[in-house]
Amino acid sequence: MGYGVLEQEFKVEEKVRGIRDEVHIKVKNLSVYYRKRLAISDINIEFLKNKITAIIGPSGCGKSTLLRSINRMNDLIPDATVIGKVYLDGIDIYDKSVDPVAVRAVIGMVFQRPNPFPMSIYDNVAFGVRINRLAKDREELDKKVEDALRKAALWDEVKDRLDTHAYELSGGQQQRLCIARALAINPKVLLLDEPTVSLDPVSTAKIEELLYKLKSELTIIIVTHNMLQAARVSDFTAVMMPNEKLVGTLIEYGPTKEVFTNPKDKRTEAYISGRVG
Amino acid sequence: MGHQVLAIRNRRKVILDIYMPIIYSIGLFIAILFIGSLLLYITVTGAHRLSWELLTNFPSSNPKQAGMLPAIYGTIWTVGISTLISLPIGIATAIYLNEYSGMEKLRSFLQINLNSLAGVPSVIFGVVGLGFLSYTLGLGRSILVGSIVLAFLTLPLVTVSSLEALKAVPDDLRLGGYALGATRWEIIKSIVLPRALPMMLTGSILATSRAIGEAAPILIISGLVFIREIPTSPLDRFTVMPLQLYNWISRPQVEFRELASAGIILLLLLLILLNAATIYLRYRLSKRR
Numbered sequence: 079m080g081y082g083v084l085e086q087e088f089k090v091e092e093k094v095r096g097i098r099d100e101v102h103i104k105v106k107n108l109s110v111y112y113r114k115r116l117a118i119s120d121i122n123i124e125f126l127k128n129k130i131t132a133i134i135g136p137s138g139c140g141k142s143t144l145l146r147s148i149n150r151m152n153d154l155i156p157d158a159t160v161i162g163k164v165y166l167d168g169i170d171i172y173d174k175s176v177d178p179v180a181v182r183a184v185i186g187m188v189f190q191r192p193n194p195f196p197m198s199i200y201d202n203v204a205f206g207v208r209i210n211r212l213a214k215d216r217e218e219l220d221k222k223v224e225d226a227l228r229k230a231a232l233w234d235e236v237k238d239r240l241d242t243h244a245y246e247l248s249g250g251q252q253q254r255l256c257i258a259r260a261l262a263i264n265p266k267v268l269l270l271d272e273p274t275v276s277l278d279p280v281s282t283a284k285i286e287e288l289l290y291k292l293k294s295e296l297t298i299i300i301v302t303h304n305m306l307q308a309a310r311v312s313d314f315t316a317v318m319m320p321n322e323k324l325v326g327t328l329i330e331y332g333p334t335k336e337v338f339t340n341p342k343d344k345r346t347e348a349y350i351s352g353r354v355g
Numbered sequence: 002m003g004h005q006v007l008a009i010r011n012r013r014k015v016i017l018d019i020y021m022p023i024i025y026s027i028g029l030f031i032a033i034l035f036i037g038s039l040l041l042y043i044t045v046t047g048a049h050r051l052s053w054e055l056l057t058n059f060p061s062s063n064p065k066q067a068g069m070l071p072a073i074y075g076t077i078w079t080v081g082i083s084t085l086i087s088l089p090i091g092i093a094t095a096i097y098l099n100e101y102s103g104m105e106k107l108r109s110f111l112q113i114n115l116n117s118l119a120g121v122p123s124v125i126f127g128v129v130g131l132g133f134l135s136y137t138l139g140l141g142r143s144i145l146v147g148s149i150v151l152a153f154l155t156l157p158l159v160t161v162s163s164l165e166a167l168k169a170v171p172d173d174l175r176l177g178g179y180a181l182g183a184t185r186w187e188i189i190k191s192i193v194l195p196r197a198l199p200m201m202l203t204g205s206i207l208a209t210s211r212a213i214g215e216a217a218p219i220l221i222i223s224g225l226v227f228i229r230e231i232p233t234s235p236l237d238r239f240t241v242m243p244l245q246l247y248n249w250i251s252r253p254q255v256e257f258r259e260l261a262s263a264g265i266i267l268l269l270l271l272l273i274l275l276n277a278a279t280i281y282l283r284y285r286l287s288k289r290r
């Protein structure tokens, strides 16, 4: 629904601006252990600026683990050990001088299930702005909240009831609220961990459309179970697969079209055609 | 053959299905009978003695004039101060255990200890309070000592219920906060506590109703004294409602026993009121979600 048009628009845009493949996030020799169990091993991947990269693969292949390593959410899991490096604009975010809290303010994240805070719609979006002290006064805060809700394509639906409790929104609206909440603090990167898995097709379509519009402003990395979704929204696709020891590895990475039409790895082909996973 | 086996099995199941509810309901019936007869006895003996004088008069050797005003004040003082002590300590303990201490073993060790603390007979608390607080620290047989003892008596209840309230806050919300660059304290303060507070209050009110009904430790600390003055400071001597009732029940005159029944009705009404407040809070909580 409407993607064809968007895709064409995007192509025109690409021609006008020229393709600039700037590396935004670089993951180097990344391995993650939970206790002593190796979850993902030796991942090397570069995420390009203002592109949407989809990470696909069967359950338990370490997609989410990789995603959580990019904004240091793995730090919050007791017994998780991260080895290797993740560079954001050339800075190693695992360096001792880097504050993980600051990393998470620059690299936003949206989760599988919508998780709005138990407060009003306005307060949900304002939360990050307030704690990161990004607004000088109420006026600026109002503006940031409005901007974020507009970007998340939610403003028109909620502008008259910003004070209502966020739980009164539908599931799809709640997820867009979570996206708005993340956008309100102007992150450079947005990570999405299966953001539409609990939503109906219409809400899913809205969010996919939204991601298309957002990539002119930020780099988007989306983990998804849904291969069609990856094919629809992403510019690049990374395929992960557990090896014989059930350790997640990156088996293929490239422009989405190539990965889906002409995969280099046989396992990718099997996975995409539905024979594995 | 198969058909017969099936038929027997089915009959046994049907019989069990019929009789089990009856067997279980016997337990319920006994409980209702017991509590019902108690309530009936108290109402019959005490209802006609309910009056404003019961609330506003001082105790007296004349049962016609006797009231429980000092005991009501004593209960308000002790339960009030004990709540002021147990609530912050209990909630702080729960926050530490659930939000900060990463060590699962420490948490379960402390939780076992809290639960056994809840199982200690309340008289023991009274004895320790009298020996240590009243005599060793020289606080006397005062409201303050009674409050501290009640506070520690209800502390496990407050802590455990606060802990349950914090556990009921989904981790998704905490992760959402972290993903926005919030620190742990910011998440606790702005997301976790507001969400957990109604349930914490529910547990605390239940703990308070236990404190109101406690007689044994207060009996040890205060002694069975005849108080004719309204306490004005935490260091005053005091009595509480259950103790006043105990005093009346142990008198030989029938009139005093009737008075005690009327007092019990009052105490029960107070407890019902507190429980109603709990239910109301829980209702508000479920509506907000």
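As you go down the protein sequences, you meet chains W and C in turn.
Each residue of the first sequence is one higher than the one before, counting from 79 in our numbering.
Each residue of the second sequence is one higher than the one before, counting from 2 in our numbering.
Cβ coordinates follow ideal geometry from the N, Cα and C atoms, glycine included.
1) CA-CA distance, C:V146 and C:G130?
2) Distance cutoff 8 Å, beta carbons only. Does C:E259 sit that close to anything in chain W?
3) Let's see if you can read the secondary structure: which residues bound the alpha helix (DSSP H) around C:N114?
4) Entirely within the stretch 107-156 of chain W and at least 4 residues each: give me those alpha helix (DSSP H) ranges in chain order.
5) For C:K168, does the three-state DSSP call read helix, strand or coil?
6) What residues in its chain sit with their C-beta under 6 Å from that of W:K229, if we drop five residues either side in the sequence?
7) Check this for me: beta carbons of W:C256 and W:P196, under 8 Å apart or not?
8) When the distance is taken between beta carbons, is C:I228 closer than 8 Å to C:R238?
9) Could you tell me if C:M201 is buried or exposed, where buried requires 16 or more neighbouring beta carbons within 10 angstroms of its beta carbon?
10) According to DSSP, which residues form a beta bridge with W:Y165?
11) Return the CA-CA distance between C:S127 and C:T79, expressed in angstroms with no decimal places.
12) Tell me whether the beta-carbon of C:L70 lies closer than 8 Å to the beta-carbon of C:F59.
13) Given C:G264, which residues of its chain have a CB within under 8 Å of its CB, disregarding the five upstream and five downstream residues?
14) Can you give the beta carbon distance from W:L240 to W:R254, rounded, assuming they're within the 8 Å contact cut?
15) Do we get a CB-CB distance below 8 Å when we pair W:A180 with the residues of chain C?
16) Would C:L167 and C:A95 qualify as a contact pair, given that the criterion is a beta-carbon distance under 8 Å?
17) Which value, in whole angstroms, describes the spacing of the CA atoms of C:I189 and W:R208?
18) Express the C-alpha separation of C:R285 and W:A244 in angstroms, rounding to a whole number.
19) In whole angstroms, what is the alpha-carbon distance linking W:V267 and W:L296?
20) Which chain C residues sit within Cβ distance under 9 Å of W:P273?
21) Looking at W:M319: is its Cβ nearer than 8 Å to the Cβ of W:G162?
22) Taking beta-carbon pairs under 8 Å, can you tell me which members of the stretch 187-216 of chain C lie near chain W?
23) Output the distance between the C-alpha atoms of C:R13 and C:F30, rounded to the nearest integer angstrom.
24) In the DSSP assignment, what are the bridge partners of C:G68?
25) Within 10 Å of its beta-carbon, does C:P157 have 16 or more other beta-carbons around it, so buried, or fewer, so exposed?
26) Mind checking C:L274: buried by the 16 CB within 10 Å criterion, or exposed?
27) Give me the subset of the stretch 155-189 of chain W whose CB atoms are less than 7 Å from a CB atom of chain C, sorted by chain position.
28) Measure the alpha-carbon distance for W:V280 versus W:S248 and round it to whole angstroms.
29) If we cut at 8 Å on Cβ distances, does W:A244 have a partner in chain C?
30) Flag this pair as yes or no: are the beta carbons of W:Q307 and W:E286 separated by less than 8 Å?
31) Which residues of the stretch 159-182 of chain C have a Cβ closer than 7 Å to any Cβ of chain W? Give them in chain order.
32) For C:I86, tell me which candidate among C:S38, C:F153, C:P195, C:L115 has the shortest Cα-Cα distance.
33) Apply the 10 Å Cβ neighbour rule to W:G206 and answer buried if 16 or more other Cβ atoms are within range, or exposed otherwise.
34) On the DSSP letters alone, give me the boundaries of the alpha helix (DSSP H) that W:A316 sits inside.
35) For the alpha helix (DSSP H) containing C:E54, list its first residue and its last residue.
36) Just to confirm the assignment: which complete alpha helix (DSSP H) runs, minimum length 4, are found wholly within the stretch 192-216 of chain W?
Quick look at the numbers:
1) 6 Å
2) no
3) 105-120
4) 141-148
5) helix
6) L261
7) no
8) yes
9) Classification of C:M201: buried, given that the 10 Å Cβ count is 16 or more.
10) W:K104, W:D170
11) Looking at the sequence provided, one finds Gly at residue 127 of chain C rather than Ser. C:G127 and C:T79: Cα-Cα distance of roughly 14 Å.
12) Taking 8 Å as the Cβ cut-off, C:L70 and C:F59 qualify as a contacting pair.
13) Excluding sequence neighbours, C:G264 sits near G47, L55, M69, M242, Q245, L246, W249.
14) In fact, because the Cβ distance is near 14 Å, the residues do not count as touching under 8 Å.
15) yes
16) yes
17) 15 Å
18) 16 Å
19) 5 Å
20) Within 9 Å Cβ-Cβ: nothing; W:P273 doesn't reach chain C, min ~12 Å.
21) no
22) Near chain W, meaning a CB-to-CB distance below 8 Å, the residues of the stretch 187-216 of chain C are E187, S191, I192, P195, R196.
23) 26 Å
24) DSSP, once it has assigned bridges, lists no residue as partnering C:G68.
25) buried
26) exposed
27) Cβ proximity to chain C below 7 Å picks out P156, V179, A180, R182, A183, G186, M187, F189 from the stretch 155-189 of chain W.
28) Those two C-alpha atoms are separated by around 12 Å.
29) no
30) yes
31) D173, L174, L176, G177, Y179, A180, L181, G182
32) C:F153
33) buried
34) No alpha helix (DSSP H) contains W:A316, which is instead part of the beta strand (DSSP E) from 314-320.
35) 53-57
36) DSSP runs (the alpha helix (DSSP H)) wholly in the stretch 192-216 of chain W: 199-209.
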